[in-house]
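J.: Let me give you the structure first, and then I'll get to my questions.
Numbering (my numbering), first residue to last: 51 to 304.
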């Protein structure tokens with residue numbers, strides 16, 4: 051057993067100087083200790099990246115199965131969308147509707163004419179599926195004139211109220227007798243006179259509250275041959291001077 055004299059320093063503590071010692075055990079014969087730690091870190095990172103790569107790489111069979119499933123899902127979704135899509139609406143031509151039945155309307159108007167004293171001379175007839183209400187010219191106009199007389203305006207007021215409830219198409223047709231109007235005024239022909247009178251009746255109906263469209267036509271004396279040929283000529287002339295209110299079976303789409 052070696053004994054050291056007082057004050058002799060053990061060789062293991064030669065690194066201490068002035069209260070501080072340098073510890074020589076920090077190194078090894080294989081190199082610095084930090085190099086071992088660095089190698090371990092690199093190994094772990096390499097293992098991490100290899101694992102990530104293996105997770106992100108699909109085998110061919112797996113990828114094909116995946117794409118096939120996606121394609122089937124897309125097709126199914128497309129078929130479902132087509133099935134849920136609204137059916138396109140095809141615009142079809144509108145067929146003309148029907149208004150109030152002509153036979154029923156005739157009974158209504160005949161009852162109204164009986165209550166309206168100023169329309170007592172008006173006549174109602176059916177021609178080719180149309181109802182014709184003939185307004186006598188002598189009741190509404192002076193000879194050769196197209197201005198409606200006061201008694202004629204009173205008759206139109208009650209008539210407009212009835213016509214306003216109808217959806218049927220209505221035309222106004224003016225007629226005259228064969229005698230040509232006298233004078234050189236603007237109404238110097240039967241055609242002009244019949245057209246002006248039909249227009250006056252249309253205007254009178256509008257002023258009385260009838261707001262639906264009407265077609266105005268003129269026949270002049272062209273239809274005189276069909277006016278009650280069995281009656282005396284004077285009565286035929288009186289009937290020829292008129293404005294026909296023609297009511298159609300179909301609705302008015304104008």
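Positions of the beta carbon are idealized from the N, C-alpha and C atoms, including for glycine.
#1: Taking 9 Å as the threshold (C-beta atoms), are residue 159 and residue 189 in contact?
#2: Give me the Cβ distance between residue 266 and residue 248, rounded to the nearest whole Å; I'm assuming they're in contact under 8 Å.
#3: Would you report the Cα separation of residue 211 and residue 200, rounded to the nearest angstrom?
#4: Using CA atoms only, rank isn't needed, just tell me which of 280, 268, 253 and 276 is closest to residue 198.
#5: Measuring alpha carbon to alpha carbon, tell me which of 278, 165, 234 and 279 ends up nearest residue 194.
#6: Would residue 291 be called buried (16 or more neighbouring beta carbons within 10 Å of its own) or exposed?
#7: What did DSSP end up calling residue 154 once you bin it into helix, strand or coil?
#8: For the alpha helix (DSSP H) that residue 262 lies in, which residues bound it at each end?
#9: Cutting at 6 Å between CB atoms, please list the residues of its own chain near residue 286, excluding the five before and the five after it.
#10: Since residue 223 is in the beta strand (DSSP E), which residue starts that stretch and which ends it?
#11: Contact between the stretch 224–232 and the stretch 260–275: three or more CB pairs below 8 Å?
#12: What do you reckon, are the CB atoms on residue 150 and residue 245 nearer than 9 Å?
#13: Quick one: Cα of residue 207 to Cα of residue 258, how far?
T.: Taking the coordinates as given:
#1: Taking the chain shown and counting its residues from 1, the one referred to as residue 189 is at position 139. Taking the chain shown and counting its residues from 1, the one referred to as residue 159 is at position 109. Residue 159 sits away from residue 189, with the two beta carbons spaced by 9 Å or more.
#2: One-based indexing of the chain shown puts residue 266 at position 216. One-based indexing of the chain shown puts residue 248 at position 198. Indeed they touch by this definition, with Cβ atoms about 5 Å apart.
#3: Along the chain shown, read from residue 1 onward, the residue named residue 211 stands at position 161. Along the chain shown, read from residue 1 onward, the residue named residue 200 stands at position 150. Cα-Cα distance, rounded: 18 Å.
#4: The residue you call residue 198 lines up with position 148 of the chain shown. Closest option to residue 198, Cα to Cα, is 253.
#5: Taking the chain shown and counting its residues from 1, one reaches residue 194 at position 144. Here the closest residue by C-alpha is 234.
#6: In the chain shown, the residue the question calls residue 291 occupies position 241. With 16 or more other Cβ atoms within 10 Å, it is buried.
#7: Walking along the chain shown from the start, residue 154 turns up at place 104. Per DSSP, reduced to three states, the secondary structure at residue 154 is helical.
#8: Translated into the one-based positions of the chain shown, residue 262 becomes position 212. Run containing residue 262: none; DSSP gives neither H nor E here.
#9: As a first step, residue 286 must be located in the chain shown, where it is residue number 236. Answer for residue 286: 277 and 278, listed in chain order.
#10: In the chain shown, residue 223 corresponds to position 173, counting from 1. Where residue 223 is concerned, the enclosing beta strand (DSSP E) starts and stops at 218–225.
#11: A contact exists between the stretch 224–232 and the stretch 260–275.
#12: As a position in the chain shown, residue 150 is number 100, starting the count at 1. As a position in the chain shown, residue 245 is number 195, starting the count at 1. Not closer than 9 Å, so no.
#13: Within the chain shown, numbered from 1, the residue matching residue 207 stands at position 157. Within the chain shown, numbered from 1, the residue matching residue 258 stands at position 208. For residue 207 and residue 258, the distance between alpha carbons rounds to 5 Å.
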